[in-house]
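K.L.:
Following this message is one structure expressed as structure tokens.
Residue numbers (our numbering): 29 to 276.
What follows is the structure, given as structure tokens:
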């Protein structure tokens, strides 16, 4: 029997409500500053979330609109966006998702080691952790500054596995996006998908074993969309432990 030893958390959309609360308004503020005739509404941005990484989204949107930006200008836009994003986080715009704090605390009490694997930049991760947690519960994090290839490439998770030294069979990933799921599955990691602002139209062609609407707590129970039934009202240590023992 395997025992849970490691949890690899995605950040945006999985741990925290960052995408619509901070990233989207930060992009639009940057566009205004740089005199771009662009405005991403909620639906446009949710569609763009299929493209992983802020710079990639800018480049993709430009090409879709027949705009030719050189890479230096893309970097300039993204840098300005990051400034606004960090300001929004500093001012309390971002909150933890339902059940995250409860589960992280429970896992810590069980001596499960926890990590973040994200496509966000290092300074974004550091600020979010400092704002959302009184004490940092994560042993380390893998950010966009730490790897040559972002999700959906498996490199971020492969690097995390190497650094943790923990067997895949004793590990779990929490993810919310298509690129993140492909990355985790490519690294052969058992994975639970937590529904977020992202569309879940990829469910039928990505082999998701477990999809939930929320991690859950005493106030808001978890709904299992796909996967093993719950023994309690929400995702807990025992549920994850059973999941990794039955994962195929």
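From the three backbone atoms N, C-alpha and C, an ideal C-beta is built for every residue, glycine too. Every value quoted in this text rests on a predicted model; they were computed, and no experiment measured them.
Mind checking residue 260: buried by the 16 CB within 10 Å criterion, or exposed?
P.N.:
Exposed, since its Cβ has fewer than 16 Cβ neighbours within 10 Å.
K.L.:
Alpha carbon to alpha carbon, what distance is there between residue 29 and residue 207?
P.N.:
When rounded, the distance between both Cα atoms is 30 Å.
K.L.:
Applying the 10 Å Cβ sphere with the 16-neighbour rule, what's the burial state of residue 103?
P.N.:
Exposed.
K.L.:
How long is the line joining the alpha carbons of residue 185 and residue 68, rounded to whole angstroms?
P.N.:
In a straight line, the C-alpha of residue 185 is about 30 Å away from that of residue 68.
K.L.:
Using the beta-carbon count (16 or more within 10 Å), is residue 127 buried or exposed?
P.N.:
Buried, because 16 or more other Cβ atoms sit within 10 Å of the Cβ of residue 127.
K.L.:
Could you name the residues that DSSP lists as bridge partners for residue 221?
P.N.:
Partner(s): 203 and 239.
K.L.:
Are there 16 or more other CB atoms within 10 angstroms of the CB of residue 109, so buried, or fewer, so exposed?
P.N.:
By the neighbour-count rule (16 or more Cβ atoms within 10 Å), residue 109 is buried.
K.L.:
For my contact list, residue 151 and residue 32 are in at a C-beta cut-off of 8 Å; report their separation, rounded to the angstrom.
P.N.:
Going by Cβ atoms, the distance from residue 151 to residue 32 rounds to 30 Å, so no, they are not a contact pair.
K.L.:
Which whole runs of the alpha helix (DSSP H) in the segment 62–111 are 4 residues long or more, in chain order?
P.N.:
As far as the segment 62–111 is concerned, its whole alpha helix (DSSP H) runs of at least 4 residues are 70–76 and 82–92.
K.L.:
Okay, do the segment 75–85 and the segment 175–185 touch, 3+ Cβ pairs below 8 Å being the bar?
P.N.:
The segment 75–85 is in contact with the segment 175–185.
K.L.:
Hey, quick one: how far does the beta strand (DSSP E) through residue 254 stretch, first residue to last?
P.N.:
252–254 is the span of the beta strand (DSSP E), which, as asked, contains residue 254.
K.L.:
Among 129, 97 and 237, whose alpha-carbon lies nearest the alpha-carbon of residue 246?
P.N.:
Cα-wise, what sits closest to residue 246 is 129.
K.L.:
Residue 275 to residue 93, Cα distance in whole Å?
P.N.:
Cα to Cα, the separation comes out at about 43 Å.
K.L.:
Bridge partners for residue 40 per DSSP, in chain order?
P.N.:
In DSSP, residue 40 forms a bridge with 44.
K.L.:
In the DSSP output, which residue or residues are listed as bridge partners for residue 141?
P.N.:
In DSSP, residue 141 forms a bridge with 34.
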